[in-house]
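Note sheet for the following structure.
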Amino acid sequence: MLSDVKTRSILIQIVLVAAVAAFAVLLVHTTFANLRARGIPVGFDFLAMPSRIVISEAILTYKSRDPYYWAIAVGLANTIFLSTLVIVFSSILGLIVGIARLSSNPLASGTCRVWVELARNSPPIVLLIFLYSLWWKVLPPVGEALNPLPGVYASMRGFVVPDVSVNLSTAGLLTAIALLVLGMSSLLVLRNMISRLALAPAGLFLVVVALWVADIRFDVEWPTFTGSNFSGGNELTPELSTILIGLTIYTTGFIAEIVRGGILSVGRGQWDAGHSLGLSRGKILRLVVIPQMLRVILPPLNSQYINVVKNSTLAIAVGYPDFLAVMNTIISKSSHSIEGVFIILGVYLLLNLTLSSAANWYNRRISIVER
Amino acid sequence: MKALSLPMPAEALPRRVRFTALLRLGKLLFGTPLNGLLTVLFGAMLVVTVPPMLRWLIIDAVLFDPDPDACREAVGACWSFVYAKSGQLLFGIYPLAERWRPAIVCLVILALLGWSVRPASWTARLLALWIATLAFIVWLMGGGFGLAEVPTASWGGLPVTLILTVVAIGIAFPVGILLALARRSTMPAVRIGAVVLIESVRGLPLLSILFVASIMMPLFLPEALLPDKFVRALVALTIFAAAYLAEVIRGGLQAISKGQYEAAAALGLPFWPMQYLIILPQAIRVVIPALANTVIVMIKNTSLVLVVGLFDLISSGKAALADPEWPSPAAETFLFIGAIFFALSFSFARFADFLERRGPVSH
């Protein structure tokens, strides 16, 4: 009987499933026995209770008498906020550094190479702790704050940047959304009739009109220095600034290499063909190379974006309360470790699944459909 | 070369050559308006940043002066702290009298890593050598059989980083092979199990896996079986490495042509001998550059164990900084630690580049 391949494979699977199930039962049994022995209650009801934990900074409003679930949401919002900013900054910088790395100018390519090698070969957590230790060494006290750009101040207490607040009415917003949906769908229907060149300006025009209809005003509040403190503007703490700068430096190194690989993957023939059409270097890059490059770099770029979300957990090293740090505090405070662990695992898997399925969808759209 | 063939007086030659080289450099720096702009931009940036950095790093720095007050007065970096504390930075809280043991362990691991880098030494003998070395290392660090016993709680610094990297990868490699084979299995239960395991580990930050390992293991296991912190971190790192290695090896398996399987089947080889003799040797050779990259990722990742309370390089740096006799030169200390990690990972990266350029080994 064992020599029959089919029977044997079924037998192997049954044994495997049984072993896994037995192992799981054993784990659950010991876990509950351990929990009972220590008198720890199990269940998710604790989420609605007031948390009384301290979250040092948050982009959502948080008070320590808020319930646990809100503390978790606040931590998650911090993680998403941090990851989004790092992704945006390092994508822009990575594109620049990756292109500059291929420049014939030795000064530009050399400097960028040093950046890439340093970023790729140092552990991000060491980079973050190093930058954090620099903070008080390099930057002046708040009274002598540096002012590198108009409206941006840097001092020991962190960065102060202009605060941009959006001012809008619900009615205006609804009209604008309705207008946008209508306009975009009619453009979508008409896209085969009008020339492709007109499509982008038409879309842009629609957005401008919608913004005008919605009467959205961006109020910029410039920070001013008043003797001992700043008033107005947004303050970024040293912790948030360190992890933003550190992760951006780190991720830029990887994205630059992806961009460089992407540009090199577009054959020389494409450049020659562009030159023979009389296009300038910039136009070849923009019209011929970058569209082809996007296809190549999208999958690795997406895994870098997922890495940013994962690396945002390093915020714990400098004391910025990201999702994992908040969960860690909650677990040690409430001793609901099992539930906490399930929430941690679920949230990160969900975040990464969302990111990768969005990227897969976009990837399918731009990939070449072969006959 | 062209300049050399021109008929000209011998003493004029070097200047001419130097001139063309200068001209070429000039063209690269200022040949086009864009290049000129880039040169000015990057040049200005370097002029602004490099001199103050050099002044801090070397010119104004205190290098070897063992007196802490010299550092208090200096404006530059305090390297004498790193120099004076190098033992503590490298070996953590390992007993002072026994520090020769972790020192030998580090040298042995690095020497063996260097030896394993040579393509000529990739044989079954190397595997045996590694297993023997690991046993030797564990004995040397932990003691017993004639040496004073040192619990893992006192292990620290560079040996912890190296041991965690090497042992985690060492255990993860066979597990990764099994997972890769399972993921390509025709048996649905086996395949689904492998996919779920690999993808969920790859979807999680290592830090969360480390946390889960250190929080959950005391709950999962009966108290008698509970491993110490070191082993818990090692288990988490191993699971993490196995999932990543499995995907790398799966890439290699996919590169093997169907003919190889058919030929092996035609010889009447059963599953395991087929994998062991025909498929795996070829598949692993194809992915050696990718494996080297995974090793780099793991070297960098071991620095995370500090958050679960292990005494790696970063924690021993922090402990050294707590000495009240010295001004605490944190930036210098972490620069030193960063340099160690950089040296390890950069040299491994160059090795991976060399493998990639050489292309897959023909067979």
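Respectively, the protein sequence lines represent chains A and B.
All you need for this note's numbering is the position in the first sequence, starting with 1, plus 1356.
All you need for this note's numbering is the position in the second sequence, starting with 1, plus 1.
No residue lacks a Cβ here, since even glycine has one placed at the ideal position from N, Cα and C.
- Secondary structure of phenylalanine 146 of chain B (DSSP, three-state): coil.
- Residue contact with chain B for asparagine 1667 of chain A: present (Cβ-Cβ distance below 9 Å to some residue of chain B).
- Spanning the alpha carbons of alanine 1414 of chain A and serine 1693 of chain A requires a straight line of approximately 23 Å.
- For threonine 1386 of chain A, at least one C-beta of chain B is nearer than 9 Å to its own C-beta.
- Interface annotation for the region 1357-1380 of chain A against chain B: Ser1365, Ile1366, Ile1368, Gln1369, Ile1370, Leu1372, Val1373 and Val1376, criterion Cβ-Cβ distance under 9 Å.
- A:Leu1458 is the residue among A:Asp1360, A:Leu1458, A:Tyr1661 and A:Thr1526 whose C-alpha sits nearest the C-alpha of serine 1621 of chain A.
- Taking 8 Å as the upper bound for CB-CB distance, threonine 1608 of chain A and leucine 1449 of chain A are in contact here, some 4 Å apart.
- Selection A:Tyr1424, A:Leu1706 and A:Val1381 evaluated against serine 1688 of chain A yields A:Tyr1424 as nearest (Cα-Cα).
- The shortest CA-to-CA distance from glutamine 283 of chain B to any of B:Gly269, B:Ile300, B:Tyr262 and B:Val296 is the one to B:Tyr262.
- Contact annotation: alanine 169 of chain B and glutamate 333 of chain B have beta-carbon atoms that are not nearer than 9 Å.
- The residue from B:Trp57, B:Trp140 and B:Leu159 with its alpha-carbon nearest to that of valine 151 of chain B is B:Trp140.
- Remark: C-beta atoms of isoleucine 279 of chain B and leucine 270 of chain B approach each other more closely than 9 Å.
- Contacts with chain B at 9 Å (Cβ-Cβ) include threonine 1467 of chain A.
- In the three-state reduction of the DSSP assignment, tyrosine 245 of chain B falls in the helix class.
- In the three-state DSSP reduction, alanine 1510 of chain A falls in the strand class (E or B).
- Chain B places a beta carbon closer than 9 Å to that of arginine 1476 of chain A, counting this residue as a contact.
- Leucine 1643 of chain A and glycine 1399 of chain A have their C-alpha atoms some 57 Å from each other.
- For glycine 77 of chain B, not one C-beta of chain A is nearer than 9 Å to its own C-beta.
- About 39 Å separates the Cβ atoms of leucine 29 of chain B and serine 1439 of chain A, ruling out a contact at the 8 Å cut-off.
- Against glutamate 1473 of chain A, the close residues of chain B are Phe343, Phe347 and Ala350, in the order they occur along the chain (beta-carbon pairs closer than 9 Å).
- Taking all protein chains in view, the Cβ of glycine 1696 of chain A is crowded by 16 or more other Cβ atoms within 10 Å, so the residue is classified as buried.
- Between the alpha carbons of leucine 127 of chain B and serine 117 of chain B lies a distance of about 7 Å.
- Selection B:Ile199, B:Phe342, B:Pro228 and B:Arg185 evaluated against alanine 173 of chain B yields B:Ile199 as nearest (Cα-Cα).
- The alpha-carbon separation between leucine 246 of chain B and leucine 24 of chain B amounts to approximately 50 Å.
- The three-state reading of DSSP puts proline 1656 of chain A in helix, counting H, G and I together.
- A residue is called buried once 16 or more other Cβ atoms fall within 10 Å of its Cβ, and glutamine 255 of chain B, having fewer, is exposed.
- For phenylalanine 82 of chain B, none of the residues of chain A pass the 8 Å Cβ criterion, the least Cβ distance being about 13 Å.
- Less than 9 Å divides the Cβ of leucine 220 of chain B from the Cβ of leucine 1391 of chain A.
- In its chain, beyond the 5 residues on either side, Leu165, Val168 and Ala169 have a beta carbon closer than 7 Å to the beta carbon of leucine 235 of chain B.
- The alpha carbon of isoleucine 1533 of chain A has as its nearest neighbour, out of A:Val1563, A:Leu1543 and A:Gln1626, the alpha carbon of A:Val1563.
- Distance from the CA atom of serine 1712 of chain A to the CA atom of serine 1659 of chain A, rounded to whole angstroms, is 8 Å.
- Contact between the region 92-102 of chain B and the region 154-165 of chain B is present, with at least three C-beta pairs closer than 8 Å.
- Counting along the chain, phenylalanine 312 of chain B sits inside no alpha helix (DSSP H), nor does DSSP assign it H or E at all.
- Methionine 1649 of chain A sits buried, since 16 or more C-beta atoms from the chains shown fall within 10 Å of its C-beta.
- Residue-level contact check: tyrosine 1704 of chain A touches chain B, since one or more beta carbons of chain B fall below 9 Å from its beta carbon.
- Cβ proximity to chain B below 7 Å picks out Ser1459, Ser1460, Asn1461, Pro1462, Leu1463 and Ala1464 from the region 1435-1464 of chain A.
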